[in-house]
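Residue numbers (my numbering): 6 to 140.
Have a look at the structure below before the remarks.
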């Protein structure tokens with residue numbers, strides 16, 4: 006994992022004194038969950054987010070196929086450097102730490118935790134006006 010690139014302290018197994026996983030969201034159609042993983046270390050606490058997607062072998066509807074495809078696209082977004090490009094352009098997105106896929110079966114995405122929540126109605130307009138700045 007790329008902890009130091011994301012501004013997180015390096016973790017060695019010998020420094021970890023406890024780990025907790027908390028489910029914070031479920032995914033569309035019960036295809037998985039999002040977890041907050043918290044590690045208690047000798048130097049402090051570190052939290053990340055892990056999205057675990059368990060894709061069906063065969064989709065029974067067009068909607069399920071679209072959901073399955075969207076998770077594959079999300080994994081590609083993080084694994085092919087698109088998040089890093091947005092970060093370098095000033096966007097606030099999670100930093101990918103680890104992406105694991107087995108095409109058409111399961112997807113695991115570990116990323117930094119974004120704290121807070123926007124409550125501004127004008128955020129969409131601000132984002133759309135910001136988009137042309139991307140290289």
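The beta carbon of each residue, even a glycine, is placed where N, CA and C say it ideally should be.
Treat the numbers as computed from the prediction; the structure is a model and nothing was measured.
- One thing to note: residue 104 has its Cβ within 7 Å of the Cβ of residue 84.
- In its chain, beyond the 5 residues on either side, 46, 47, 48 have a beta carbon closer than 8 Å to the beta carbon of residue 20.
- Exposure of residue 35 is indicated by the presence of fewer than 16 other C-beta atoms within 10 angstroms of its C-beta.
- Just so you know, the alpha carbons of residue 101 and residue 110 end up roughly 20 Å apart.
- An exposed status is given to residue 67, since fewer than 16 other beta-carbon atoms sit within 10 Å of its beta-carbon.
- Where residue 78 is concerned, the enclosing alpha helix (DSSP H) starts and stops at 67-84.
- Of the residues 92, 40, 23, the one whose Cα lies closest to the Cα of residue 31 is 40.
- Within 10 angstroms of the beta-carbon of residue 119 lie fewer than 16 other beta-carbons, which makes it exposed.
- In this structure, residue 80 places its C-beta atom within 7 Å of the C-beta atom of residue 106.
- In this structure residue 53 is not in contact with residue 60, their Cβ atoms being roughly 22 Å apart against a cut-off of 8 Å.
- Cα atoms of residue 76 and residue 26: separation of roughly 22 Å, rounded to the nearest angstrom.
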